[in-house]
Amino acid sequence: MSKPFVFEKPMGMRDTLPVLYQVKQQVRTVMEQEIRDWGYQFIQTPTLEYYDTVGEASAILDQQLFKLLDSEGKTLVLRPDMTAPIARVVSSSMKDVAYPIRLAYDSAVFRSQQREGGRPAEFEQVGVELIGDGTSSADAEVIALMISTLSKAGLQEFKVAVGHIGFLNELFVEVLGNEDRAEELLRFLYEKNYVGYASHVKNLPLSSIDKKRLLDLLHLRGGEDVLRSAEELTAVGGKKAISDLRELLNILELYGVQDKVVLDFTLFSHMSYYTGIVFEGYTNQLGFPLCSGGRYDQLLGEFGRSAQAIGFGIRLDYLLEALSAKEPLAVRTCIIFSAENRKEAIAKSRELREQGHSVVVQDISGIGNVDEYSSRFQDVIYVIGKSEKGEAR
Numbered sequence: 132m133s134k135p136f137v138f139e140k141p142m143g144m145r146d147t148l149p150v151l152y153q154v155k156q157q158v159r160t161v162m163e164q165e166i167r168d169w170g171y172q173f174i175q176t177p178t179l180e181y182y183d184t185v186g187e188a189s190a191i192l193d194q195q196l197f198k199l200l201d202s203e204g205k206t207l208v209l210r211p212d213m214t215a216p217i218a219r220v221v222s223s224s225m226k227d228v229a230y231p232i233r234l235a236y237d238s239a240v241f242r243s244q245q246r247e248g249g250r251p252a253e254f255e256q257v258g259v260e261l262i263g264d265g266t267s268s269a270d271a272e273v274i275a276l277m278i279s280t281l282s283k284a285g286l287q288e289f290k291v292a293v294g295h296i297g298f299l300n301e302l303f304v305e306v307l308g309n310e311d312r313a314e315e316l317l318r319f320l321y322e323k324n325y326v327g328y329a330s331h332v333k334n335l336p337l338s339s340i341d342k343k344r345l346l347d348l349l350h351l352r353g354g355e356d357v358l359r360s361a362e363e364l365t366a367v368g369g370k371k372a373i374s375d376l377r378e379l380l381n382i383l384e385l386y387g388v389q390d391k392v393v394l395d396f397t398l399f400s401h402m403s404y405y406t407g408i409v410f411e412g413y414t415n416q417l418g419f420p421l422c423s424g425g426r427y428d429q430l431l432g433e434f435g436r437s438a439q440a441i442g443f444g445i446r447l448d449y450l451l452e453a454l455s456a457k458e459p460l461a462v463r464t465c466i467i468f469s470a471e472n473r474k475e476a477i478a479k480s481r482e483l484r485e486q487g488h489s490v491v492v493q494d495i496s497g498i499g500n501v502d503e504y505s506s507r508f509q510d511v512i513y514v515i516g517k518s519e520k521g522e523a524r
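Using this note's numbering, you'd call the opening residue of the sequence shown number 132 and step up by one each time.
Pasting the structure below:
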């Protein structure tokens, strides 16, 4: 068996080169500051967690978990999301902190990918968790913060689709009789396979009235007016979900972000711990969501400290792609010196750095191609021989 070339990376892993790293850092800094301005505190959790706790509590499929054994034979996982680790922290290290708690994170998560998928197995998420508050005010705050964070990062044209898991569950139980029969329909909605959904509904042994109710669900997308249409599809159970969404829209209007929000009653997430409001952010530049979130009111109970909670996560790589992040103009200055002028070059670099400049000090004898090397910088200062020469690019 031949060994892989040393420059190959494990499947799904990516390098971040200097230019992209700089752009990512700039965007990340803006996002983190906006989140802090809303009163959230950042937290960091270990990259490795126990499979029996965080691994099983996570909504990520078992085959997507990176597993390994520690020296005692216990199964560990690379954290597949941040919600479950934060739930663990709130239930243990922060168990004496009264609710509500506002936490934020900027962390890498890991999910194993199939070779043909072409998706990253490690990616960075920036997000928040508002724990211990089950009100519509909390729902609106988290959605408004996500919208504000995207806007501050520079994203202009985007929409946030908002749905409600409770409405779907109640409607399907009303029509189909139990949750097991609803699994197939929910899978179609998660995959956004609306053609498959409609075909499956038409073949179900239901009355024409019930089939129409399920098919009409596909048209429940838009503004506040779709709430009235939704009320016509459900008897009792879905009424609370509709009421929650109506109140949510009213509060989002107070934040001034209602123009960014659309209702989508077909929205369903693969995150099995979501129990109520769910939402996803879209932009024309991408054919998939760049951020998502929802309410999870039962997850904390699995860690022994029950609480209602809601949060969101923004994929930083997707956001950069949506921003069409270009290579920034070089802002570094390079001082190229000859050996006899080393003292002057170092003094000059110290002076420029104190003025806030980023400065590289390079011995000319260590450069192979001076023209190629100097082209990387906006400003080049030559300290060679008896004089100092500056060259702007």
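The beta carbon of each residue, even a glycine, is placed where N, CA and C say it ideally should be. All figures in this text were calculated on a predicted structure; none of them were measured in a lab.
Check                                                                                                                                                                                               : Outcome
Going by C-alpha distance, which of 223, 172, 201 is nearest residue 237?                                                                                                                           : 172
As a quick exercise: from 383, 222, 193, pick the residue whose alpha carbon is nearest that of residue 208.                                                                                        : 193
Who are the Cβ neighbours of residue 320 in its own chain at under 8 Å, not counting the five residues just before and after it?                                                                    : 299, 328, 397, 398, 399
Quick check on the burial criterion: 16 or more other C-beta atoms within 10 angstroms. Buried or exposed for residue 247?                                                                          : Caution applies to residue 247, whose pLDDT of 47 falls short of 50 and renders its modelled position unreliable; the value that the coordinates give is listed next. The residue is exposed, with fewer than 16 neighbouring Cβ atoms inside 10 Å.
Does residue 205 come out as helix, strand or coil in the three-state DSSP assignment?                                                                                                              : coil
Can you check which of these residues, 377, 511, 481, is closest to residue 267 by C-alpha distance?                                                                                                : 377
Beta-carbon within less than 8 Å of residue 455's beta-carbon, same chain only, minus the 5 sequence neighbours each way: which residues are those?                                                 : 416
Run through the segment 478-504 for me and flag every whole beta strand (DSSP E) of 3 or more residues, listed as ranges in chain order.                                                            : 489-494
What residue from 434, 419, 164, 170 has the CA that sits closest to residue 272's CA?                                                                                                              : 170
Sort out for me which residues DSSP pairs residue 526 with in a bridge.                                                                                                                             : In the structure displayed, the chain extends from 132 to 524; residue 526 sits before or after that span and is not available.
Confirm, please, whether the CB-CB distance from residue 235 to residue 263 is below 8 Å.                                                                                                           : no
Taking buried to mean at least 16 other C-beta atoms within 10 Å of its own C-beta, is residue 481 buried or exposed?                                                                               : exposed
For residue 291, which of 402, 462, 394, 148 has the nearest alpha-carbon?                                                                                                                          : 394
Report yes if the C-beta distance between residue 261 and residue 453 is below 8 Å; otherwise report no.                                                                                            : no
So for residue 325, helix, strand or coil by DSSP?                                                                                                                                                  : helix
Taking the runs of the beta strand (DSSP E) that are 3 residues or longer, which of them lie wholly in the segment 257-338?                                                                         : 290-295
Helix, strand or coil for residue 91 per DSSP?                                                                                                                                                      : Residue 91 cannot be examined here, being either before or after the span of the chain that is shown, 132 to 524.
So is residue 256 buried or exposed if we call it buried at 16+ other beta carbons inside 10 Å?                                                                                                     : buried
Measuring only the C-alpha atoms, how far is residue 229 from residue 218?                                                                                                                          : 14 Å
Thinking residue 348 and residue 337 are a contact (beta carbons under 8 Å), I'd like their distance in whole angstroms, please.                                                                    : At roughly 13 Å, the Cβ-Cβ gap does not stay under 8 Å, so residue 348 and residue 337 are not in contact.
Return the CA-CA distance between residue 305 and residue 161, expressed in angstroms with no decimal places.                                                                                       : 46 Å
Of all the alpha helix (DSSP H) runs that stay within the bounds of the segment 362-400, which reach a length of 4 or more residues?                                                                : 370-386
Starting from the C-beta of residue 145, find all residues in its chain whose C-beta is less than 8 Å away, skip the five residues before and the five after it, and write them out in chain order. : 251, 253
What residue ranges within the segment 148-198 form continuous beta strand (DSSP E) runs of no fewer than 3 residues, ordered along the chain?                                                      : 179-181
Measure the C-alpha to C-alpha separation of residue 516 and residue 473 and round it to an integer number of angstroms.                                                                            : 11 Å
Residue 421 and residue 449 look like a contact to me (Cβ under 8 Å); what is the Cβ gap, rounded to whole Å?                                                                                       : 4 Å
Excluding the five sequence neighbours on either side, which residues of its own chain have a C-beta within less than 7 Å of the C-beta of residue 429, listed in chain order?                      : 404, 406
Comparing C-alpha positions only, which one of 513, 232, 243, 274 sits nearest to residue 384?                                                                                                      : 274
Taking just the CA atoms, how far does residue 151 sit from residue 499?                                                                                                                            : 26 Å
Taking the straight line between their C-alpha atoms, what separation do you get for residue 524 and residue 502?                                                                                   : Any answer about residue 524 is weak, because its pLDDT of 49 lies below 50 and its placement is not dependable; what the coordinates show is given next. Straight-line Cα distance between these residues: approximately 12 Å.
Measure the alpha-carbon distance for residue 143 versus residue 195 and round it to whole angstroms.                                                                                               : 12 Å
Please state the DSSP three-state secondary structure of residue 506.                                                                                                                               : coil
Between which residues of its own chain and residue 342 is the CB-CB distance below 8 Å, once the five residues before and five after are set aside?                                                : 332, 333, 335
Ends of the alpha helix (DSSP H) at residue 218?                                                                                                                                                    : 214-222
Going by DSSP in three states, residue 436 sits in which element: helix, strand or coil?                                                                                                            : coil
Expressed to the nearest angstrom, what Euclidean distance is found between the alpha-carbon atoms of residue 277 and residue 477?                                                                  : 45 Å
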